[in-house]
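Some notes on the structure that comes next.
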Amino acid sequence: MSVRRALLVSAVAAGLAGCHLPQPFRGEPGRMGAILSAPPPARLAVTVSPNALLDDHAASVWAHDTTDALLGQSIPAEIGAPHPGDWRLRLDARLAGGSVVPSYVVLTPTGAVKGHRDGAAVPAVAWSAGDAQVLHQVAEAAAPQIVTTLTGLRSAEMRADPNSLINRPARIFFSGVSGAPGDGNRALADELRLLLPDAKDQLVSSAAKADYAVSCTVSVAPATASPQGRVQKTEIVWRVKPASGVEAGAVTQLHDVPAGSLDHAWGDIALAVVTEAAPGIRTVIDNHSGRLLPPPPPDVASAAGPPGAGEPAVLAPDEEAPGVKKLNSDLSEPLAPFAAATRKTHKPADPGS
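Under the UniProt record's numbering, think of the first position of the sequence shown as 1, with each following residue one higher.
What follows is the structure in structure tokens.
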């Protein structure tokens with residue numbers, strides 16, 4: 001971006017309050033702000049090994065407590081047999097002297113072991129009795145460890161893959177704007193092509209070569225009376241989709257504008273709209289791509305090889321998980337469902353601050 005362009009962006013974002021142009025798209029982004037809405041991620045199916053040293057009732061209590069604890073950590077966990085495409089968490093336990101050591105095995109949808117963690121030992125008497133308080137404490141203590149394993153797997157996979165978005169910029173195909181009155185379709189598209197690209201996100205001309213596709217729709221309602229005069233409710237939605245076609249998120253701008261103010265040339269209004277929207281689009285891509293993940297813990301990093309390396313250990317549905325201490329080196333299956341499970345709401349920072 002040229003110095004002149006950068007100065008213009010700054011001026012429009014911060015200093016047009018005294019101008020005669022309508023000002024709804026700068027600073028505070030409206031009543032609802034800009035909303036990043038992410039669809040529900042894939043499921044983590046929680047099951048208990050028949051060798052977990054618990055009766056059926058206690059095993060059910062442990063599974064429910066663990067699932068609730070994972071939901072509290074924003075992991076989309078559910079009890080029951082896995083559906084096609086589900087990752088799996090196998091709960092197990094083993095005797096160690098007068099204690100029981102609970103363990104947690106992460107498996108891919110095809111049954112490949114990806115990670116294993118042991119919990120803190122508990123008295124064998126309390127465990128075999130199915131003590132509800134002990135099972136609850138075990139589940140609460142395990143949830144953060146399981147999240148660390150899932151996040152570490154994803155982070156290690158991405159760092160080992162030279163084509164991941166940790167190691168290269170995202171390629172974005174922008175299909176344009178539709179529905180805007182006046183010259184809004186062209187004006188908004190021109191501004192986005194100027195303001196969105198940066199060191200992490202680059203525009204490409206081919207949808208087939210893109211990691212993400214961005215589109216924009218504008219809707220303007222008929223004019224209605226308000227204390228400020230006749231206004232039109234305007235909604236601008238920037239949708240972000242990965243190559244899979246499942247929406248990664250959307251940036252929504254909602255505003256009341258003076259009636260007819262968008263019917264002709266948008267000019268600096270388009271610049272203000274995109275100045276507000278572009279950071280939100282980048283945030284959707286950051287959150288979805290996993291490139292903000294922290295480095296994996298040492299045990300995960302040491303086990304990570306290049307994608308596809310090694311042969312996965314596959315468990316039959318009722319087979320007891322082996323007590324492995326390291327993560328399997330095959331990190332080829334996607335781990336993204338658990339990288340950003342939290343539904344996030346984002347309001348762009350005030351450009352004038």
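Beta carbons: idealized from backbone N, C-alpha and C, even for Gly.
Distance between beta carbons of residue j and residue i, contact taken as under 8 Å
i: A139; j: W238; result: In fact, because the Cβ distance is near 40 Å, the residues do not count as touching under 8 Å.
i: L53; j: A93; result: 5 Å
i: V240; j: A250; result: 7 Å
i: A270; j: G184; result: 7 Å
i: L254; j: V220; result: That pair is no contact at about 12 Å.
i: A170; j: D211; result: 5 Å
i: I172; j: Q137; result: About 46 Å separates the two Cβ atoms, so there is no contact after all.
Cβ-based burial, residue i [other Cβ within 10 Å; buried from 16]
i: T149; result: buried
i: N51; result: exposed
i: A309; result: Per-residue confidence for A309 stands at a pLDDT of 34, beneath the threshold of 50, marking its modelled position as unreliable; the derived number appears in the next sentence. Exposed.
i: R193; result: exposed
i: G15; result: Caution is warranted here: a pLDDT of 33 is assigned to G15, below 50, making its placement in the model unreliable, and the coordinate value is therefore given only provisionally. With fewer than 16 other Cβ atoms within 10 Å, it is exposed.
i: A278; result: buried
i: R5; result: Low confidence applies to R5: its pLDDT is 40, below 50, so where it sits in the model is not reliable, and the reading given next is rough at best. The residue is exposed, with fewer than 16 neighbouring Cβ atoms inside 10 Å.
i: G290; result: buried
i: Q232; result: buried
i: D318; result: Low confidence applies here, because D318 scores a pLDDT of 33, under 50, leaving its location unreliable; read the following figure in that light. Looking at its Cβ environment, which holds fewer than 16 other Cβ atoms inside 10 Å, D318 is exposed.
i: S49; result: buried
i: H264; result: exposed
i: A132; result: exposed
i: G280; result: buried
i: V122; result: buried
i: V284; result: buried
i: V246; result: exposed
i: R129; result: Residue identity differs from the one stated: residue 129 is Ala in this sequence, not Arg. Burial call: exposed.
i: A208; result: exposed
Which of helix, strand or coil DSSP assigns to residue i
i: S261; result: coil
i: R291; result: coil
i: R43; result: coil
i: P322; result: Confidence at P322 is low in this model, with a pLDDT of 31, below 50, so the placement of that residue is unreliable and no value is reported for it.
i: L91; result: strand
i: A180; result: coil
i: A52; result: coil
i: L21; result: Because L21 sits at a pLDDT of 38, beneath the cut-off of 50, its placement in the model cannot be relied upon, and the following sentence gives the value as read from the coordinates. The answer is coil: DSSP assigns L21 none of H, G, I, E or B.
i: D118; result: strand
i: A272; result: helix
i: I281; result: helix
i: P297; result: coil
i: I146; result: helix
i: W266; result: coil
i: D198; result: coil
i: V138; result: helix
i: A243; result: coil
i: G72; result: helix
i: D65; result: helix
i: A221; result: coil
i: N167; result: coil
i: D286; result: helix
i: G152; result: helix
i: D161; result: coil
Paired residues, beta bridge with residue i - DSSP
i: H83; result: Bridge partners of H83: none, in fact.
i: W238; result: C216 and V251
i: I172; result: L203 and Y212
i: P123; result: S99
i: D256; result: K233
i: V113; result: L107
i: A77; result: L44
i: S226; result: G229
Sequence-distant residues of the same chain with beta carbon closer than 6 Å to residue i, five excluded per side
i: D118; result: V101 and S103
i: I146; result: Y104
i: G98; result: A124
i: G179; result: T217, V218 and S219
i: L196; result: A278
i: L70; result: A77 and A143
i: E191; result: A270, L271 and V274
i: D286; result: L292
i: K200; result: P169
i: A126; result: V134
Same chain, Cβ closer than 7 Å to residue i, neighbours up to 5 away in sequence not counted
i: A141; result: G119 and A120
i: L135; result: A58, V61, W62 and D65
i: D56; result: none
i: P242; result: D211, Y212, A248 and H288
i: V273; result: F25, L188, I236 and Q253
Sequence-distant residues of the same chain with beta carbon closer than 8 Å to residue i, five excluded per side
i: D68; result: A139
i: A189; result: F174, G176, V177 and C216
i: T47; result: A63, I79, G80, A81, P82, R88, L89, R90 and L91
i: L293; result: T151, R154, S155, M158, I166 and A339
i: V204; result: R171, I172, F173 and A210
i: A223; result: R230, V231, Q232, A259 and G260
The ligand FMN heavy atom lying under 7 Å from the CB of residue i
i: A213; result: Among the ligands in the structure shown, none appear at all, so the ligand FMN cannot be discussed.
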